[in-house]
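**Student:**
Chains as they are written, first to last, in the numbering used here: chain A, 1 to 324; chain B, 325 to 832.
1. Does DSSP classify residue 300 of chain A as helix, strand or coil?
2. Does the distance from the C-beta atom of residue 520 of chain B to that of residue 412 of chain B stay below 7 Å?
3. Please list the partners that residue 376 of chain B has in chain D, where partner means a Cβ-to-Cβ separation under 7 Å.
4. Give me the residue from B:453, B:401 and B:417 with the minimum Cα distance to residue 208 of chain A.
5. Within the chosen definition, does the region 456 to 465 of chain B reach the region 375 to 395 of chain B through at least 3 CB pairs nearer than 8 Å?
6. Thinking just about the alpha-carbon of each residue, which of A:228, A:236 and A:292 is nearest to the one in residue 58 of chain A?
7. Return helix, strand or coil for residue 467 of chain B, following the three-state DSSP convention.
8. Can you tell me whether DSSP reads residue 392 of chain B as helix, strand or coil?
9. For residue 89 of chain A, which residues of its own chain have a beta-carbon under 6 Å away from its beta-carbon, when the five flanking residues on both sides are left out?
10. At a Cβ threshold of 7 Å, is residue 813 of chain B touching chain A?
11. If the cut-off is 7 Å on Cβ atoms, which residues from the region 417 to 429 of chain B count as contacting chain A, listed in chain order?
12. Using alpha carbons as the reference points, say which of A:238, A:263, A:305 and A:51 lies closest to residue 82 of chain A.
13. So within the region 504 to 529 of chain B, which uninterrupted beta strand (DSSP E) runs reach at least 3 residues, ignoring any that extend past its ends?
14. I need the straight-line Cα distance from residue 220 of chain A to residue 285 of chain A, nearest angstrom please.
15. Would residue 214 of chain A count as contacting chain B if we go by Cβ distances under 7 Å?
16. Any C-beta of chain B sitting closer than 7 Å to the C-beta of residue 3 of chain A?
17. Chain B partners of residue 193 of chain A, CB-CB under 8 Å?
18. How is residue 250 of chain A classed by DSSP in three states: helix, strand or coil?
19. Taking the DSSP output, what are the residues bridged to residue 431 of chain B?
20. Measure how close the beta-carbons of residue 277 of chain A and residue 268 of chain A come, nearest whole angstrom, since I'm counting them as under 8 Å.
21. Could you say if the region 600 to 609 of chain B and the region 770 to 779 of chain B meet the contact criterion of at least three C-beta pairs nearer than 8 Å?
22. Quick check for students: name the residue ranges of the alpha helix (DSSP H) that lie wholly in the region 145 to 170 of chain A, counting only runs of 4 or more.
23. Starting from residue 464 of chain B, find everything on chain A with Cβ-Cβ shorter than 8 Å and list it in chain order.
24. Could you work out which residues of chain A lie near residue 415 of chain B, taking near to mean beta carbons separated by less than 9 Å?
25. Would you call the CB atoms of residue 593 of chain B and residue 626 of chain B closer than 7 Å?
26. The alpha helix (DSSP H) with residue 85 of chain A in it runs from where to where?
27. Pull up the DSSP beta-bridge partners for residue 442 of chain B, would you.
28. Counting only beta-carbon separations shorter than 7 Å, does residue 431 of chain B have a partner in chain A?
29. Can you pull the DSSP bridge partners for residue 609 of chain B?
30. Hey, residue 337 of chain A and residue 137 of chain A: beta-carbon distance below 7 Å or not?
31. Would you kindly work out how many angstroms separate the C-alpha atoms of residue 235 of chain A and residue 726 of chain B, rounded to a whole number?
32. Could you give the distance in angstroms between the alpha-carbon of residue 447 of chain B and the alpha-carbon of residue 272 of chain A?
33. Whose C-alpha, out of A:163, A:185, A:186 and A:258, is nearest the C-alpha of residue 175 of chain A?
34. Residue 673 of chain B by DSSP, collapsed to three states: which one?
35. Return the residue from the list A:70, A:107, A:297 and A:307 that minimises the CA-CA distance to residue 202 of chain A.
36. Within the 7 Å Cβ cut-off, does residue 201 of chain A reach chain B?
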C-alpha cells in the first residue's frame, strides 16, 4: 500500500514538472533555429516586452492565491488585461488633450479601482463565480475603453511614457526597475506577511481558513482590488511598449497572463501559484513569443501554439492535483 | 480524590423543528480527566458540542466553566475561557508547512513581517514537549500521515497555552488502527498536564481504553454516568447506549434458503484496497464493517462501478460479469442505496413519483413519452408497500424525513426488480422508528431472494441485520464473522483491531 501511494505521488510530481520540460524544449528549439535569440541584447528586449505580462501575472497570482488554483471554481480574474487597457486608454486620451500626468494617473486609478471593487462585490457579496464575473467584466471594460478611445489608435509621446521605454537608471532600464520594485512589494506582502499567509490559506483550504477565524471573503475581495491595481500600473507599460494605446492589446495579454501564471506553479516547490513563479512564467512566455517572431513563424500559427500550450499547462496542473 | 469541575452543562434543552435534540441533558467534566461521551447517531452528541461551542443557543439550561456560569455562550466567550475543539475534519491547507498550519490565524510578528524562526521553534517545542512527537516543522501537510495531521490540528488548538478544556470529536475516525496509539498517547499527555478532556467517539474500545469517566446520551437525555471505567465496561456502556429495546429493532434471525449470488474475486483498486474476495448468496445479508479509511467505502463504490477496479472479477449467479460503470452495474441488476442520498441518491427538488421512477422511465413510457398515469400508479403501489409518509406521490422529496427519503431511493430500485442491493450506511441521519422499518425492508428483500450487502459504520446495526459480516482493515478483509452468536462488543473489537478474529470462516 505504502509503496504504491509513494509511486503515485511520484508520477504526480513528474506531471507538475512536465509543462516546464515542454517549455524548455520549445526554448531550446527556438535558440537553435533563431541565431540571435540568446544574446544579452535580445534578453533585455525580452524582459522589456514581458513587463506588461509580468504585472498582470502578479495581479492574477494574488487572486489565485486567495481563491484557490482551480480554474473553474477557484480564484481567477480575467478582467485584469481589460483593466490595463482601460488605464492605458484613459491616460492616452487625457494626455493628448494636455492634462498633467498626475491628473491622468488619478483618473485612470479611480476607473481601475471601480472595476476591482465591482469584481470583489460581485464575487464575495453576491456569490458569483469569479470566472464568469471577470469574463463579463472583461467584455464590459473593453467596451467602455472602446467608447473612450473611439476604438482607434492614439499615439502618446509624453516624456514619462517614453522614459519607461527608453531611459536607463544606473544602467538598468527604468521600466524594468519600476516593475521589479512593484513585484518585490507584492511578493513581500503575499509571502512574508501575516496578510499574505492568510491569503494563501484562504485559497489553499477555505474550510481551514474559516475555522481559523480568517475573513475569507474579505481577503478574496482584497485580492481583486489589488489585481485591478496591477492592471492600473500595467496600463502605462502598455502605452510605453506600444508608444500609445491601440485596440486589441487585451486579447493577447489575457492569453499570456493565464498561460504564464499557471505555468509558474511548476516553479514552486509546493506546486502552487506563487508570485515568483508567476513572474518567471511571464518572462518565459514573452521569450517564446519573441522567439517565434524572430524565427519568422506566421503570427497565426503562434496563436495556435500558445493556445495548445495553455491546454497542456492546465491539463498537467489538473493531473498534478488529482487525488491531492 | 474528587477533582473540581472544569466545565459542566446542566439541564440543557435544545429543540429543532419536530425534535428535541437535547432534553434536559447534563454533562460534568473534571480537571485532569478524560471524559467519554457516547451515544448512538442522533443521541445528541454533536448538538451538545455545538451548544458548548456557542454555535447553538439552548432553550433552557446552564453552561458553567470552571464553576462560573457563562451569561453569554458565544464562540468568542467560550474560546476566552480556554475551551478548544478538535473537530473531526482536519481542516488543514495541504500545501502549508506544519509551522504555517499551527500558527494560521495566530501568527507571531517580528520586526519585519513574520517571525518565522520563533514560530518554527515554538511549533517543534510544542510537538515535542506537549504531544511527545517529532515532526519536522517545515514538512508540508500533504506529505504527513493522517495521524500526524491530527497532531498538527491539536497543536494549532493548543499552541497559545491557554487551553483548559479540550473537546475531541471522533479524533481517531480517519485513522488506521496502527495510527490510533499515536493520537491516544498525545491525549494521555494532555491529561497529565491537568487539561480536562471531553472525548466523543463511537468506538467503545477506545472509550474504555482512555476514559476515566463516561456519560451516555440516548435520544437527547443523559441516561448514565459511569465513574469507574475499565476494559470490562463495554457491555454496560452498550446496554446504556442502545437501551433495552435493542432486540426489537431488528427482525428475528431466520434461516433462509440460499443459492449462488454475487461473487467477487481478487478485487483491488490499486489505491485503497486490494485482493478483496466476497460472496453473497441470494437470500443472504452480508455486512461489510470497517473504520473510515479501511477501504470500505471505496470497495462499495467499486462494486457499483463508480471507481475503476484494477484487478478482480465478478460473477452473478454463476455468470461472469463486467462492471466498469454504474450503468453496467444497474443493467446487471446491482443497485446502490448511497450513503449520501441527498447528493447521490435523489433529486431533492423533484416529486416522489419522479424520483421513484427515474430508473424505470422506459417501462412507464411509450415512444419516448412518459406515461404519467402509469408512473403515478406504480409509485402509489410502492408508497403503500414501503409505507412512505406522507403517502403522497406528488410530495416534493426535499420535505420528506431522512428515513422516508431513504425509502424513496429503495422504491426506485424495487421498481427496477434488482437482484443485488447494496446499502451504504443506510440509516445515517434516520430516526429510530424509521430505522427499524428500513431493517425490516432489508430483511424482506433477502427473504424475497435478493442478495443484500450492507456496508455500515454502525456495529449494532451490522450485528442486528446481517447473516455474515466481513471485516475490513487497511484495505484488506481480515476476517468474516457469523452474527448468529456474535455480540456487538466482539464485533467492535474485531473492527477496531483490538482483538484478533478467532474462528474466522474466511480462512476456508
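Cβ atoms here follow ideal geometry from the backbone N, Cα and C, with glycine treated the same way.
**Tutor:** Walking through what the data contain:
1. Mapped onto the first chain, residue 300 of chain A falls at position 300. The answer is helix: DSSP assigns residue 300 of chain A an H, G or I state.
2. As a first step, residue 520 of chain B is located in the second chain; it is residue number 196 there, counting from the start. As a first step, residue 412 of chain B is located in the second chain; it is residue number 88 there, counting from the start. No, the pair does not count as a contact, with Cβ atoms beyond the cut-off.
3. You won't find chain D in this structure, because its protein chains are A and B.
4. As a first step, residue 208 of chain A is located in the first chain; it is residue number 208 there, counting from the start. Among B:453, B:401 and B:417, the Cα nearest to that of residue 208 of chain A is on B:417.
5. no
6. What you label residue 58 of chain A is simply residue 58 of the first chain in a count that begins at 1. The candidate whose alpha carbon is nearest that of residue 58 of chain A is A:228.
7. For the purposes of this step, residue 467 of chain B is taken as the residue at position 143 of the second chain. DSSP places residue 467 of chain B in helix when its eight states are reduced to three.
8. As a working mapping, residue 392 of chain B is identified with position 68 in the second chain. It is a strand residue.
9. Against the first chain, residue 89 of chain A aligns to sequence position 89. For residue 89 of chain A, where only same-chain residues beyond five positions count, the Cβ hits under 6 Å are 145, 148, 149 and 245.
10. The residue you call residue 813 of chain B lines up with position 489 of the second chain. Answer no: the Cβ-Cβ gap between residue 813 of chain B and chain A never drops below 7 Å.
11. 417, 418, 419, 420, 424, 428 and 429
12. As a first step, residue 82 of chain A must be located in the first chain, where it is residue number 82. With distances taken between Cα atoms, residue 82 of chain A lies closest to A:238.
13. 520 to 524
14. What you label residue 220 of chain A is simply residue 220 of the first chain in a count that begins at 1. What you label residue 285 of chain A is simply residue 285 of the first chain in a count that begins at 1. If I take the Cα positions, the gap works out to 27 Å.
15. Here residue 214 of chain A refers to the residue found at position 214 of the first chain. At least one chain B Cβ lies under 7 Å of residue 214 of chain A.
16. On the first chain, position 3 is the one that residue 3 of chain A refers to. At residue 3 of chain A the pLDDT is 38, less than 50, meaning the model places this residue with poor confidence and gives no usable figure here.
17. Numbered from 1 along the first chain, position 193 holds the residue referred to as residue 193 of chain A. In chain order: 437 and 438.
18. Position 250 of the first chain, counting from 1, holds the residue named residue 250 of chain A. If DSSP states are grouped into helix, strand and coil, residue 250 of chain A belongs with the helices.
19. Within the second chain, numbered from 1, the residue matching residue 431 of chain B stands at position 107. According to the DSSP secondary-structure assignment, residue 431 of chain B is paired through a beta bridge with no residue.
20. For this step, residue 277 of chain A is matched to residue 277 along the first chain. For this step, residue 268 of chain A is matched to residue 268 along the first chain. Contact holds; Cβ gap of about 5 Å.
21. Flag = yes, the region 600 to 609 of chain B and the region 770 to 779 of chain B touch.
22. 159 to 166
23. Residue numbering aside, residue 464 of chain B sits at position 140 when the second chain is read from its first letter. Result: 270.
24. Along the second chain, one-based indexing puts residue 415 of chain B at 91. Residues of chain A passing the Cβ test: 205, 207, 208, 209, 210, 211 and 212.
25. Mapped onto the second chain, residue 593 of chain B falls at position 269. Mapped onto the second chain, residue 626 of chain B falls at position 302. Yes.
26. For the purposes of this step, residue 85 of chain A is identified with residue 85 of the first chain, where counting begins at 1. Taken as a continuous stretch (DSSP letters only), the alpha helix (DSSP H) holding residue 85 of chain A covers 80 to 96.
27. As a position in the second chain, residue 442 of chain B is number 118, starting the count at 1. Answer is none; residue 442 of chain B lacks a bridge partner.
28. Counting from one through the second chain, the residue named residue 431 of chain B turns up at place 107. By this cut-off, residue 431 of chain B is an interface position.
29. As a working note, residue 609 of chain B is residue 285 in the second chain. Its beta-bridge partners are B:776.
30. Nothing about residue 337 of chain A can be read from this structure; chain A reaches only from 1 to 324.
31. By one-based count along the first chain, residue 235 of chain A stands at place 235. By one-based count along the second chain, residue 726 of chain B stands at place 402. The straight-line gap from Cα to Cα measures roughly 57 Å.
32. Position 123 of the second chain, counting from 1, holds the residue named residue 447 of chain B. Position 272 of the first chain, counting from 1, holds the residue named residue 272 of chain A. Whole-angstrom Cα-Cα distance: 24 Å.
33. To locate residue 175 of chain A, count along the first chain from 1; it is residue 175. Comparing Cα positions, the closest option is A:163.
34. As a working mapping, residue 673 of chain B is identified with position 349 in the second chain. Coil, per DSSP.
35. Position 202 of the first chain, counted from the start, is the residue given in the question as residue 202 of chain A. Residue 202 of chain A has its Cα closest to that of A:70, out of A:70, A:107, A:297 and A:307.
36. Sequence index remark: in the first chain, residue 201 of chain A carries index 201 (1-based). Chain B contact via Cβ: present.
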